[in-house]
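Each remark here refers to the structure printed beneath this line.
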Amino acid sequence: MDNRRVKAILRGMEHEFDVVIAGGGLNGPALALALADAGLGVAVVDARPADLRASDAFDGRAYALALASQRLLAALGLWGGLAAQAQPINQVRASQGHAGEGAGHFHLHFDSAEIEEGRLGYMLEDRFLYRALLGAMALPRAGRILHRAGTVVVSQTTDARGVSVGLNDGTVLRARLLVGADGRGSGVATRAGIKRRGHSYGQIALVAALDHELPHNGIAQQLFLPSGPLAILPLPGNRSSIVWSETEDHARAILALPDEAFLDVLRPRFGDFLGAISLAGPRFSYPLGMTLADHYAAERVALIGDAAHGVHPIAGQGSTSDCAMWRLWPRCWFWPIVAARISARWRSCADTSNGGAAMRRCSLTAWIR
Ligand SMILES: Cc1cc2nc3c(=O)[nH]c(=O)nc-3n(C[C@H](O)[C@H](O)[C@H](O)COP(=O)(O)OP(=O)(O)OC[C@H]3O[C@@H](n4cnc5c(N)ncnc54)[C@H](O)[C@@H]3O)c2cc1C
Numbered sequence: 005m006d007n008r009r010v011k012a013i014l015r016g017m018e019h020e021f022d023v024v025i026a027g028g029g030l031n032g033p034a035l036a037l038a039l040a041d042a043g044l045g046v047a048v049v050d051a052r053p054a055d056l057r058a059s060d061a062f063d064g065r066a067y068a069l070a071l072a073s074q075r076l077l078a079a080l081g082l083w084g085g086l087a088a089q090a091q092p093i094n095q096v097r098a099s100q101g102h103a104g105e106g107a108g109h110f111h112l113h114f115d116s117a118e119i120e121e122g123r124l125g126y127m128l129e130d131r132f133l134y135r136a137l138l139g140a141m142a143l144p145r146a147g148r149i150l151h152r153a154g155t156v157v158v159s160q161t162t163d164a165r166g167v168s169v170g171l172n173d174g175t176v177l178r179a180r181l182l183v184g185a186d187g188r189g190s191g192v193a194t195r196a197g198i199k200r201r202g203h204s205y206g207q208i209a210l211v212a213a214l215d216h217e218l219p220h221n222g223i224a225q226q227l228f229l230p231s232g233p234l235a236i237l238p239l240p241g242n243r244s245s246i247v248w249s250e251t252e253d254h255a256r257a258i259l260a261l262p263d264e265a266f267l268d269v270l271r272p273r274f275g276d277f278l279g280a281i282s283l284a285g286p287r288f289s290y291p292l293g294m295t296l297a298d299h300y301a302a303e304r305v306a307l308i309g310d311a312a313h314g315v316h317p318i319a320g321q322g323s324t325s326d327c328a329m330w331r332l333w334p335r336c337w338f339w340p341i342v343a344a345r346i347s348a349r350w351r352s353c354a355d356t357s358n359g360g361a362a363m364r365r366c367s368l369t370a371w372i373r
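Under the numbering used here, the first residue of the sequence shown carries the number 5, and numbering increases by one thereafter.
Below is the structure:
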């Protein structure tokens, strides 16, 4: 074996993983599965303990998934187990609303009957999606996945050959690439010197699940009210998830109300088209802001998901500002592209049949772009 080939192999041996992913929310695990399916060794490090989100108790948090996202989950082998828990979205109605009057008469109407795919998207509860991701990470795949929950990435040092990722328990993971999937306040981005810009929308989203008297027929509603949009998104059965954006002052006052008084404020906005409504679970609130990293990649570092960009959760149809309809679209377009590029490049980079020349030519920036 010639010297160059030996050196290339030695360089490979110093890496414990091909990719370390900081952040095990939604995007980190999904990327890990895609990379492992491509045969790569991946470590996912998440600050939150796994059991914090692995509960199967209904808590009302749910995602609107575009067809692109659903196809992606199918490609990862997850959709088969999730389909029965997902609520198809058959129609979307977006209308101007008035407090006290519900939806206005004029609305935009999207009907799944008009598209070949047969569905506009799906609603899926967080408890099902997250547990499916966790479960899949524990299964054998072409590559391997190490999942470290309850552990924080605290440092990163890059050099020409890779990145050393320090964890709060003193472990150092060595990889060729560090992916920041660590959310809006991404420490990976900060440590890589990637600045971000953004602003508050001056709104807080009030999130809850409601039981209602009448069937929703798979229709997602988006009411544009004067103080912010109210999304009413269908869940299985006579149940819907609401994402109700209010100005910060209004939202704080509403949050402070007991459940019945909360519903009294909601009812005139919601309207009566679903009959009587009641809370089906706890209420959540999220301050809303736009955030955008100046760059999605730096030397040996890439950002995905909210670490790269975060937008208004309008109707769970983040679309509205990014792609076409649902908010996961931008992410779901983005990270498979990164994954595909990394793995394609990686395969050619790792190919030592040309004496490691390809490997030397590959910089991270080239992988990502
Ligand atoms: C009200 C609301 C409604 C929404 N509705 C929808 C919807 O309908 N459809 C949809 O697609 N999206 C929706 N979204 C957006 C969606 O929730 C986010 O885009 C998505 O959760 C981002 O996932 P992520 O994995 O990128 O980041 P996160 O979910 O923020 O995960 C980041 C993870 O990184 C971990 N972490 C942070 N720092 C470190 C560190 N140093 N070391 C290790 N781990 C770390 C955190 O513990 C966390 O687990 C909504 C958002 C809001 C606020």
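Glycine residues also receive a C-beta, built at the ideal position from the N, C-alpha and C atoms.
Small disclaimer: the values here were computed from a predicted structure and weren't measured.
| query | result |
| --- | --- |
| Where the alpha helix (DSSP H) through T4 begins and ends | The structure shown does not extend to residue 4, since the chain is modelled only from 5 through 373, so no value can be given for it. |
| Nonlocal neighbours in the same chain, by C-beta distance under 6 Å from A302, ignoring five residues either side | A196, I198 |
| CB contact flag (S249, G275, <7 Å) | no |
| Cβ-based burial, D310 [other Cβ within 10 Å; buried from 16] | buried |
| Beta carbon of L278 nearer than 7 Å to that of A212 | no |
| Outcome for T161 when other beta-carbon atoms lying within 10 angstroms are tallied against a minimum of 16 | exposed |
| Coil, strand or helix - G301 by DSSP | According to the sequence shown, residue 301 is Ala rather than Gly. Here A301 sits in strand by DSSP. |
| The stretch 177 to 189 contacting the stretch 58 to 71, beta-carbon criterion three pairs below 8 Å | no |
| Supposed close pair A68, L237 - CB separation, criterion 8 Å | 6 Å |
| Test: S245 CB closer than 7 Å to a CB of chain D | Judged by its chain identifiers, the structure shown contains no chain D, having just a single protein chain. |
| Ranges of the beta strand (DSSP E) found wholly within the stretch 31 to 112, counting only runs of at least 3 | 46 to 50, 66 to 70, 91 to 93, 95 to 102 |
| Rounded separation between A142 and D163 - CA only | 31 Å |
| Alpha carbon of G28 to alpha carbon of H109, nearest angstrom | 43 Å |
| The beta strand (DSSP E) enclosing G241, as first and last residue numbers | Taken as a continuous stretch (DSSP letters only), G241 belongs to no beta strand (DSSP E), as it is neither H nor E. |
| Proximity winner among P219, A38, I308, L261, relative to R145 (alpha-carbon distances) | A38 |
| Coil, strand or helix - F266 by DSSP | helix |
| Check: G29 C-beta below 6 Å from any heavy atom of ligand 1 | yes |
| Range of the contiguous beta strand (DSSP E) that encloses L283 | 281 to 283 |
| Which of helix, strand or coil DSSP assigns to D276 | coil |
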